[in-house]
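Residue numbers (the numbering used here), protein chains in the order written: chain A, -1 to 321; chain B, 74 to 399. Backbone N, C-alpha and C define an ideal beta-carbon position, used for all residues, glycine too. Taking it in order: structure first as structure tokens, then the write-up.
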Amino acid sequence: MSEVRELPLVEAIREAYRQEMERDERVFMVGQDIAGGIFPHTKGLVEQFGTDRIVDTPLAEVGMYGTAFGAAMEGFRPIVDFMFAGFFLNAASPILAQTAQFRFIHGSQMSLPMVITAACGAGMRLGNEHAMLVHNMIAQVPGIKVCMPSTPYDAKGLMTAAIRDDNPVAFIWHLGTMMDRGPVPEEPYVVPLGVADVKREGSDVTLVANGFQYKNAEIVADKLAGEISVEIIDPRSFSPLDIDTILKSLEKTGRLVVVDESWESRSTASEIAAQVVDVGFDLLDAPIRRVTIPNIPLPGGHMEPYVAPNPDAIEAAVRDVCR
Amino acid sequence: MALGKEQMALLYRNLIRADHFDKMMMNRIMQGKLIGFYHPGDGAMAAGVGASTFLGDNDILNPHHRAHGLGYAAGRGIDVGRYLAEHTGKVDGCCGGRSSFHWSFPEKKLYGASGFIGWHFCPVVGWGWASKRKGNQMVLMASGDGSYGQGGAHEAMLFAMNWKLPIVFFCENNGMAIHSTISDMHPMPDISSLAQGYGMPAVVIDGQDVFAVAETVIAAREHALAGKGPTFVEAKTLRLREHDVGTPDLARAEPRDAQYLEELKKRDPVVLATTRVLAEKVLTQKQIDEIYKEAKEEVAAIEKFADDSPIAQPSIEELLAGVYVA
């Protein structure tokens, strides 16, 4: 068997776009400066699919988003790119108040198949507007799914799943993973939404981490190897959240640390902690620790390394629950 | 393009039906037999009827909150029994009794009112984009004058003109937004003046004249279907009553002038249309009497249907199953 080809994460996303647009004529992309490829995930697509399916819009997020929203109601399957995830807030009302809840409120009669995508994350010292992670804001609202890949394999599979899903799906990707290389099969495949992945097996502590923070989790697990055996679970989706995989891991480890590149309060880390205490209290041998951004706006400049979750903070939390 | 007598008779019939529907809703909210609000359309039902009666089956239509879209519902030919059942939280409601007055008939591409005034300026871009690609349909984007304060309105007009989308921006300008007058909210008396900046054709018409509205929208629809892009149609209308039943009828913080409101009643579209259909011998008084009788019978059947339908109270499990497509 030949070795599986390696691709950077951003090219894995692009391959999902390309294959799904070849497979289904209803799929198209809309965004700002996507034809030229302000991020390389759309680079070159306009040459194959033309401006009818790689649609650049004026600098107007409501109209841009509306292109996708209305077209989805008319049977198209749009992918709408917000460039930086924080910019989604310019269209938060139609996304969260209308799109996500539209199907239910209108009697579950219609579907709104669409992908809302954007890059995000700390690491470029750009400050809150560009770095803000929005996954928890979106995931709080019923009717929309939310996922973020940690590896190129998951990136292609989750994007393919998101495009084929009949619900609105927010696919957020972290800039700190953009050029990470990993094995990506050439044929189309799906990584199911709402299914977590045990990325590393261990027996002493369950460490939940995703996106760029998954990489930090691996750094910590490598460092502690031989001393503390760390099991890493990547939730992959924030909504729906696969709590069962985390509970199953806790049966073995009894200890839980959740890393979430988001504010400490009301985050996915908080949600996982609440659900585990609710239905898995007897599995715990130690308090749950959350590694998050303190409740302050994410500053730019030189403060990101210690304000955002980092290997030192994760290691300290792991050691704390394993005392 | 002048309307034929059959078209005029159909418009007249729909206007009388819509007027009866509006009065039905007024009566019911006063009797406590309606959930939530009712934003009466009394004296202003012609615009919706004229704009919607001659749309194609594939066209997308999205009425706003005034009269809860009943003028448009009458023109579109929806099952108003299911509409009223929705407004009363019944199982036969068009949205399963979940939507309060945020009703829709998705199978008819009729997406009704929202409390987020101007929400539809967002999806209208995609409706127009999709319609242009399909080639055999257009969008009638209905709203009031107040909604043109929303930034999304300007984004929608920008996109529509950039991409020559088949959209009719149909503005019912009644000069009032709750208690605010148009002179407080817009620098120009005509909302359609906004279209100028986008190079969009615009026309101001008498929204009390159901026939003039229909003629204008038919022409704007043909313009759209011919690939020539959007049109702004501003239908000047009025508001005889308060914003919604139970709210004081103020202009800014003062009661609206009673004598002025009495004057407005002379512009009732039913009076204007009746005068014309008789004068032009489109209908006889006997035929008009028959239309009124049928409208009353239709309202009775609508109310019976909605009242007979059981209250919708599905289990939490059933509701959870309706959030996502499985």
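Quick one: list the residues of chain B neighbouring residue i, beta-carbon separation under 8 Å, in chain order.
{"i": "residue 55 of chain A", "result": "232"}
{"i": "residue 109 of chain A", "result": "398"}
{"i": "residue 301 of chain A", "result": "Neighbours of residue 301 of chain A on chain B: none; closest Cβ ~33 Å, over 8 Å."}
Within 10 angstroms of its Cβ, does residue i collect 16 or more other Cβ (buried), or is it exposed?
{"i": "residue 304 of chain A", "result": "exposed"}
{"i": "residue 279 of chain A", "result": "exposed"}
{"i": "residue 139 of chain B", "result": "buried"}
{"i": "residue 63 of chain A", "result": "buried"}
{"i": "residue 55 of chain A", "result": "buried"}
{"i": "residue 211 of chain A", "result": "buried"}
{"i": "residue 104 of chain A", "result": "buried"}
{"i": "residue 149 of chain A", "result": "buried"}
{"i": "residue 277 of chain A", "result": "exposed"}
{"i": "residue 293 of chain A", "result": "exposed"}
{"i": "residue 264 of chain A", "result": "exposed"}
{"i": "residue 204 of chain B", "result": "buried"}
{"i": "residue 239 of chain A", "result": "buried"}
{"i": "residue 126 of chain B", "result": "buried"}
{"i": "residue 42 of chain A", "result": "exposed"}
{"i": "residue 39 of chain A", "result": "buried"}
{"i": "residue 209 of chain B", "result": "exposed"}
{"i": "residue 237 of chain A", "result": "buried"}
Tell me, to the nearest whole angstrom, how far the beta carbon of residue i is from that of residue j; I am working on the premise that it is less than 8 Å.
{"i": "residue 178 of chain B", "j": "residue 195 of chain B", "result": "About 20 Å separates the two Cβ atoms, so there is no contact after all."}
{"i": "residue 111 of chain B", "j": "residue 99 of chain B", "result": "7 Å"}
{"i": "residue 231 of chain A", "j": "residue 241 of chain A", "result": "With a Cβ gap of about 11 Å, residue 231 of chain A and residue 241 of chain A do not count as contacting."}
{"i": "residue 116 of chain B", "j": "residue 338 of chain B", "result": "7 Å"}
{"i": "residue 113 of chain A", "j": "residue 160 of chain A", "result": "5 Å"}
{"i": "residue 235 of chain A", "j": "residue 191 of chain A", "result": "5 Å"}
{"i": "residue 371 of chain B", "j": "residue 90 of chain B", "result": "6 Å"}
{"i": "residue 244 of chain B", "j": "residue 221 of chain B", "result": "7 Å"}
{"i": "residue 203 of chain A", "j": "residue 229 of chain A", "result": "7 Å"}
{"i": "residue 132 of chain B", "j": "residue 197 of chain B", "result": "At roughly 12 Å, the Cβ-Cβ gap does not stay under 8 Å, so residue 132 of chain B and residue 197 of chain B are not in contact."}
{"i": "residue 299 of chain B", "j": "residue 154 of chain B", "result": "Actually they are not in contact, since the Cβ atoms of residue 299 of chain B and residue 154 of chain B sit about 37 Å apart, beyond 8 Å."}
{"i": "residue 257 of chain A", "j": "residue 207 of chain A", "result": "4 Å"}
{"i": "residue 228 of chain B", "j": "residue 95 of chain A", "result": "Actually they are not in contact, since the Cβ atoms of residue 228 of chain B and residue 95 of chain A sit about 17 Å apart, beyond 8 Å."}
{"i": "residue 410 of chain B", "j": "residue 164 of chain A", "result": "Outside the shown range of chain B, which is 74 to 399, sits residue 410 of chain B, and nothing can be said about it."}
{"i": "residue 264 of chain B", "j": "residue 307 of chain B", "result": "6 Å"}
Quick check on residue i: does DSSP put it in helix, strand or coil?
{"i": "residue 2 of chain A", "result": "coil"}
{"i": "residue 247 of chain B", "result": "coil"}
{"i": "residue 311 of chain A", "result": "helix"}
{"i": "residue 112 of chain A", "result": "strand"}
{"i": "residue 91 of chain A", "result": "helix"}
{"i": "residue 254 of chain B", "result": "strand"}
{"i": "residue 406 of chain B", "result": "With chain B running from 74 to 399 in the structure shown, residue 406 of chain B is simply not present."}
{"i": "residue 291 of chain A", "result": "strand"}
{"i": "residue 187 of chain A", "result": "coil"}
{"i": "residue 137 of chain B", "result": "coil"}
{"i": "residue 175 of chain B", "result": "coil"}
{"i": "residue 202 of chain B", "result": "helix"}
{"i": "residue 86 of chain A", "result": "helix"}
{"i": "residue 203 of chain A", "result": "strand"}
{"i": "residue 234 of chain B", "result": "helix"}
{"i": "residue 252 of chain A", "result": "coil"}
{"i": "residue 14 of chain A", "result": "helix"}
Name the chain A residues whose beta carbon is nearer than 7 Å to that of residue i?
{"i": "residue 175 of chain B", "result": "103"}
{"i": "residue 228 of chain B", "result": "58, 60, 61"}
{"i": "residue 203 of chain B", "result": "68, 69, 72, 74"}
{"i": "residue 225 of chain B", "result": "60"}
{"i": "residue 209 of chain B", "result": "Under the 7 Å cutoff, chain A gives no residues; its nearest Cβ is about 12 Å from residue 209 of chain B."}
So with CB distances below 7 Å, who are the chain B contacts of residue i?
{"i": "residue 165 of chain A", "result": "397, 398"}
{"i": "residue 140 of chain A", "result": "396"}
What in chain A is Cβ-close to residue i, meaning under 8 Å?
{"i": "residue 171 of chain B", "result": "102, 103, 104, 105"}
{"i": "residue 197 of chain B", "result": "64, 68"}
{"i": "residue 235 of chain B", "result": "56"}
Can you list the residues of chain A that residue i reaches, using a CB-CB cut of under 9 Å?
{"i": "residue 189 of chain B", "result": "91, 92, 95, 96"}
{"i": "residue 179 of chain B", "result": "71, 104, 105, 107, 108"}
{"i": "residue 244 of chain B", "result": "The premise fails here: residue 244 of chain B is roughly 18 Å from chain A at the closest Cβ pair, so nothing lies under 9 Å."}
### Task
Check whether the region 374 to 389 of chain B touches the region 152 to 171 of chain B, counting contact only when three or more Cβ pairs, one atom from each stretch, lie closer than 8 Å.
The region 374 to 389 of chain B, when compared against the region 152 to 171 of chain B, does touch it at the 8 Å Cβ threshold.
### Task
Would you check if the region 343 to 363 of chain B and the region 290 to 298 of chain B touch, i.e. whether three or more CB-CB distances between them fall below 8 Å?
Contact check between the region 290 to 298 of chain B and the region 343 to 363 of chain B: fewer than three CB pairs, one atom from each, fall below 8 Å, which does not count as touching.
### Task
Could you tell me whether the region 337 to 350 of chain B touches the region 137 to 156 of chain B, where touching means 3 or more Cβ pairs closer than 8 Å?
With the cut-off at 8 Å, the region 337 to 350 of chain B and the region 137 to 156 of chain B do not touch.
### Query
Is the number of C-beta pairs between the region 209 to 227 of chain A and the region 179 to 186 of chain A that are closer than 8 Å three or more?
As far as the Cβ criterion goes, the region 209 to 227 of chain A does not touch the region 179 to 186 of chain A, which means the pair count is below three.
### Query
Using 8 Å as the Cβ pair cut-off and three pairs as the minimum, do the region 71 to 91 of chain A and the region 22 to 30 of chain A touch?
They touch, by the three-pair rule.
### Query
Is the region 151 to 159 of chain A close to the region 246 to 256 of chain A, with three or more CB pairs under 8 Å?
Between the region 151 to 159 of chain A and the region 246 to 256 of chain A, the count of Cβ pairs shorter than 8 Å is below three; the stretches do not touch.
### Inter-stretch contact (C-beta, 8 Å, three-pair minimum) for the region 176 to 190 of chain B and the region 265 to 282 of chain B
No, the region 176 to 190 of chain B is not in contact with the region 265 to 282 of chain B.
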